[in-house]
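Below is one structure, written out as structure tokens; the observations come after it.
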Amino acid sequence: MFEKIANIFRIPDLRNRVLFTLGLLAVYRLGAHIPTPGINADLLAQFFNQNSGSALGLVDLFSGGNLRKLTVFALGIMPYITASIIFQLLTVIYEPLAKLQKEGEMGRRKITQWTRYVTVLLAIVQSFAIALTLTNTSTGQSMVTINKYEFIPMCVITLTTGTAFIMWLGEQITERGIGNGMSLLIFTGIVVGLPKGIAELYDKATTSAWGGLTPIILVLLIVAMVGVVAFIIFVERSERRIPVQYAKRVVGRKMMGGQSTHLPLKVNSGGVMPVIFASSILSAPLLFAGMSFFGSGPLKDTRFFGPILQGLAPGEPWYELLYIVAIIFFAYFYISIVFRPDDIADNMRKYGGFIPGIRPGKRTSDFINDVLTRITLVGAIYLIIISIIPTILISGIHFNHLWLIGPVFDRLPTWTTQGLGVNFYFGGTSLLIVVGVAMDTVNQIESQLIMRHYDGFSPKSGRIRGRRSW
-16 MFEKIANIFR IPDLRNRVLF TLGLLAVYRL GAHIPTPGIN ADLLAQFFNQ
34 NSGSALGLVD LFSGGNLRKL TVFALGIMPY ITASIIFQLL TVIYEPLAKL
84 QKEGEMGRRK ITQWTRYVTV LLAIVQSFAI ALTLTNTSTG QSMVTINKYE
134 FIPMCVITLT TGTAFIMWLG EQITERGIGN GMSLLIFTGI VVGLPKGIAE
184 LYDKATTSAW GGLTPIILVL LIVAMVGVVA FIIFVERSER RIPVQYAKRV
234 VGRKMMGGQS THLPLKVNSG GVMPVIFASS ILSAPLLFAG MSFFGSGPLK
284 DTRFFGPILQ GLAPGEPWYE LLYIVAIIFF AYFYISIVFR PDDIADNMRK
334 YGGFIPGIRP GKRTSDFIND VLTRITLVGA IYLIIISIIP TILISGIHFN
384 HLWLIGPVFD RLPTWTTQGL GVNFYFGGTS LLIVVGVAMD TVNQIESQLI
434 MRHYDGFSPK SGRIRGRRSW
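The following block contains the structure:
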């Protein structure tokens, strides 16, 4: 293993990419220690501790803990993710934008430029809402130490600039570093809190903060966490292999083709993106729920929006239902963008390839699309299971809060509606992001090593293989 890691630094280009990525990630973490001027840090930390189980906790997770301290990077990459979702949806329903995307590199650059503009616009709106909330608190204690008419424009400029800089960092890592820049920024923000999470877990175990957490239960919790990691790795490596046969062709004086290969279709081709997209979409209204506008108090306390936002809080049945639907939608939506069966079928026909028993052309495209539809559903169910586990462990799903039929669910076991009361740092979403991004980055480094005739991280006896064809 150490020899394979040393091979990374023997290749100048790969070494420069890895060091460049680490350098920019260090700059990102440096920004986590630069607070926005005029903030009462103690009251802000107290506010987040009181709302740790709400959507603010999820937004703070994606920002790497920057929102809790309201640093210059407090908004994180959430505005960029939201802007990307908007344009990816528009490319499907808006024909001129779809044509622009098909124009090649120039079209993609144009869409990327528009995405940046929308990101800045969303950052301005979100930072203004945050500044307005901090200056219009209903608790009687102001979280701002300076005049609000000075704080609001300064906060908007600071947070918007920080978001634009984070967007630039992510793009530079993707282009000149190794791995996906935006995913690595989220990965870094989660991993940096691992020591603190382990310390909190140990503290709760020793002080019986979980109501008498015995060593046996603690060991079972660790074993379950390792099992979840193994399950994530297994599914992420799984693939459906469609056999492909190439007919023999005479090219000049040589006989070409006549070989058998396969078309690999990953069970979870979208990776962590469906979960990130679904979380960002559902966190937006919940984030604004705790904000106050023009001194009228938080929206969640109003007579009209209060019941609606309360029903859409994490752990509530309607929230979990929308979360499940959003994951399934984005799983299919993402795969429809990155994987086009028609193009694959056309390329196979051009080079004399065919699937045994399936006619080339449209029949091949339909067959690939059917297989992709089935395995994408399996991948979406896998993402749902991983994402729902923390909710069950922490607070359960509050079926007893449903209107009219709620009392019926009072007969269910207590752990289904109130949870097990177990809380640890690596929940399902964060664990999925960490494992998925780590695997993707290692795969990219391994491909760079193999391309330059070095051994990768996989065993010499064979590459890590996915599941056999179903």
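Read in our numbering, the sequence shown has 306 at position 323, and its numbers run on one by one without any break. C-beta atoms are modelled at their ideal positions from N, C-alpha and C, and glycine is treated no differently.
Local Cβ density within 10 Å of residue 276, reported as buried at 16 or more and exposed below that: Residue placement at residue 276 is flagged as unreliable, the pLDDT there being 48, under the threshold of 50; the coordinate-derived value follows with that caveat. Burial call: exposed.
C-alpha gap between residue 54 and residue 345, whole angstroms: 54 Å
Simplified DSSP state of residue 166, which is helix, strand or coil: helix
Terminal residues of the beta strand (DSSP E) in which residue 225 lies: 222 to 229
Secondary structure of residue 54, DSSP reduced to three states: strand
Backbone secondary structure at residue 396 - three-state DSSP: In the structure shown, residue 396 sits in coil (DSSP, three-state: anything other than H, G, I, E or B).
Neighbour-count burial assignment, residue 51, 16 or more Cβ in a 10 Å radius: buried
Cβ contact (3+ pairs, closer than 8 Å) linking the stretch 14 to 26 and the stretch 94 to 105: no
Neighbourhood of residue 12 by C-beta, 7 Å cutoff - its chain only, sequence neighbours within 5 removed: 171 and 175
Euclidean distance between Cα positions of residue 206 and residue 101: 44 Å
Residue(s) in a DSSP beta bridge with residue 249: 222
Enclosing alpha helix (DSSP H) for residue 61 [first to last residue]: 61 to 76
8 Å CB neighbourhood of residue 139 in its chain, flanking five on each side removed: 107, 110, 111 and 114
Residue 422 vs residue 173 beta-carbon contact at 9 Å: no
Coil, strand or helix - residue 298 by DSSP: coil
Assigned secondary structure, residue 209 (DSSP; H/G/I helix, E/B strand, else coil): helix
Exposure of residue 158, with buried meaning 16 or more beta-carbon neighbours within 10 Å: exposed
Between the CA atoms of residue 369 and residue 382 - distance to the nearest angstrom: 20 Å
Segment contact flag, the stretch 260 to 267 with the stretch 306 to 315, C-beta cutoff 8 Å, min 3 pairs: With three or more CB-CB distances shorter than 8 Å, the stretch 260 to 267 counts as touching the stretch 306 to 315.
Residues near residue 129 by beta carbon distance below 8 Å, same chain, minus five either side: 20 and 21
When 23, 7 and 82 are compared against residue 151, the one with the closest alpha-carbon: 7
Residue closest to residue 222, alpha-carbon to alpha-carbon, out of 210, 148 and 249: 249
Three-way DSSP call (helix, strand, coil) for residue 424 in this model: helix
Exposure label - residue 331; buried when at least 16 CB within 10 Å: buried
Own chain, CB closer than 8 Å to residue 192, minus 5 neighbours either side, in chain order: Reliability of the predicted coordinates at residue 192 is poor, the pLDDT of 49 falling under 50, and the value obtained from them is presented with this limitation in mind. Result list for residue 192: 186, in chain order.
CB contact flag (residue 356, residue 162, <9 Å): Result no, Cβ atoms of residue 356 and residue 162 do not sit closer than 9 Å.
Within 9 Å, strictly: CB atoms of residue 99 and residue 66: For residue 99 and residue 66, yes; Cβs fall inside 9 Å.
Inter-residue Cα distance where the pair is residue 395 and residue 358: 33 Å
Backbone secondary structure at residue 373 - three-state DSSP: Residue 373 falls in the helix class under three-state DSSP.
Pair within 9 Å by beta-carbon distance, residue 253 and residue 149: no
DSSP-derived helix/strand/coil call for residue 335: DSSP, read as helix, strand or coil, puts residue 335 in coil.
Endpoints, the alpha helix (DSSP H) within which residue 97 is located: Start and end: 88 to 118.
Integer-rounded CB distance, given that residue 298 should sit under 8 Å from residue 380: 6 Å
Backbone CA spacing between residue 431 and residue 415 [nearest angstrom]: Spanning the two alpha carbons is a distance of roughly 24 Å.
Residue 179 versus residue 84: straight-line alpha-carbon distance, rounded: 44 Å
Enclosing alpha helix (DSSP H) for residue 14 [first to last residue]: Note, residue 14: premise wrong, no alpha helix (DSSP H); not H, not E.
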